[in-house]
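Residues 1 to 198 (full-length UniProt numbering) are what the sequence shown spells out, left to right. Just so you know, even glycine gets a beta-carbon here, dropped at the ideal spot from N, CA and C. See structure below.
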Amino acid sequence: MKHLEDYTSLVTSQHLSANRFMGTVTLSVAPFVDLFNTLCSLPQLFDIDNAEGNQLDVVGQWVGVSRHIVVQVSKYFSHDITGLGWDEAPWWKPGDPLVLTTGLNDAYYRGLLKAKIIANSWRGDLPTVVMIIQTLLAPVAAEQGGAYTVKMDEGDMAVDIHIAGPPIPTALQYVLIGEYLPLKPAGVTVNWHFPKNN
Numbered sequence: 001m002k003h004l005e006d007y008t009s010l011v012t013s014q015h016l017s018a019n020r021f022m023g024t025v026t027l028s029v030a031p032f033v034d035l036f037n038t039l040c041s042l043p044q045l046f047d048i049d050n051a052e053g054n055q056l057d058v059v060g061q062w063v064g065v066s067r068h069i070v071v072q073v074s075k076y077f078s079h080d081i082t083g084l085g086w087d088e089a090p091w092w093k094p095g096d097p098l099v100l101t102t103g104l105n106d107a108y109y110r111g112l113l114k115a116k117i118i119a120n121s122w123r124g125d126l127p128t129v130v131m132i133i134q135t136l137l138a139p140v141a142a143e144q145g146g147a148y149t150v151k152m153d154e155g156d157m158a159v160d161i162h163i164a165g166p167p168i169p170t171a172l173q174y175v176l177i178g179e180y181l182p183l184k185p186a187g188v189t190v191n192w193h194f195p196k197n198n
């Protein structure tokens with residue numbers, strides 16, 4: 001970080017006592033000192049661990065994922081779903097939304113960004129998939145005081161991914177289901193299994 005004195009101290013002794021000259025130098029140099037300090041602080045402001053709000057959204061543009069997630073509406077009448085049966089849920093009518101867009105808070109979005117960064121360099125191996133999922137869910141695990149375990153069952157052109165641990169927020173489930181993170185090789189079906197206590 002630069003200070004105004006770093007530049008005014010370079011003035012020769014002949015002009016140090018000239019108040020108007022020093023005032024002109026100060027007035028001329030101060031904006032550049034402020035600009036230099038602002039530019040030097042930019043990497044810290046947009047560091048993924050320190051960025052907040054709009055700064056984190058800009059990091060998301062660089063990484064390639066938005067904080068806004070499309071979530072399926074599950075409030076309408078449905079058979080075999082507790083709480084959505086007869087006299088428990090409204091019927092869907094034409095014009096009613098089937099999906100909603102929700103925004104992730106900064107902590108969850110930071111986890112998504114870190115997971116997306118890892119996914120962007122993923123080579124298709126399963127251990128990296130486990131690391132990506134655990135990175136995505138790390139803020140939830142820290143918030144709820146638990147840990148997630150990920151188990152994979154490979155089949156014939158299908159993979160079952162079982163996640164065990166604390167409840168996973170619906171928006172983060174849709175990050176995985178909606179393929180915001182490219183964890184599915186071409187032609188392979190992925191079946192997600194989330195904790196039962198959701």
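Under DSSP, His-162 takes part in a beta bridge, and its partners are Lys-151, His-193.
Under DSSP, His-68 takes part in a beta bridge, and its partners are Gly-103.
Assignment of Trp-122 by DSSP, reduced to helix, strand and coil, places it in the coil class. One thing to note: Ala-158 has its Cβ within 9 Å of the Cβ of Asn-191. Across the structure, Val-25 and Asp-34 are spaced so that their CA atoms are roughly 14 Å apart. In terms of Cα proximity to Lys-184, the closest of Gly-64, Asp-47, Ile-132 is Ile-132. Excluding sequence positions up to five before and after Val-129, its CB lies within less than 8 Å of the CB of Trp-122, Val-150, Met-152, Ile-161, Leu-183, all in the same chain and listed in chain order. Membership of Val-29 in the alpha helix (DSSP H) is indicated by the continuous run 19 to 45.
Ranked by how close their Cα comes to the Cα of Asp-156, the residues Asn-19, Glu-143, Val-11, Gly-187 have Gly-187 in first place. In this structure the segment 60 to 67 lies against the segment 103 to 119, because at least three pairs of beta carbons, one per stretch, are closer than 8 Å.
In the structure shown, Lys-116 falls within a helical segment according to DSSP collapsed to helix, strand and coil.
In the three-state reduction of the DSSP assignment, Ser-13 falls in the helix class, which pools H, G and I. Here Leu-16 is exposed, its C-beta having fewer than 16 other C-beta atoms within 10 Å. Taking C-beta atoms as the reference points, Gly-124 and Gly-146 fail to come closer than 9 Å. Here Tyr-180 carries a coil assignment [DSSP, helix/strand/coil]. Judged by DSSP in its simplified three-state form, Met-157 adopts coil rather than helix or strand.
Judged by their CB atoms, Leu-45 and Arg-110 are not nearer to each other than the 9 Å cut-off. Per DSSP, Val-63 is one residue of the alpha helix (DSSP H) stretching across 54 to 63.
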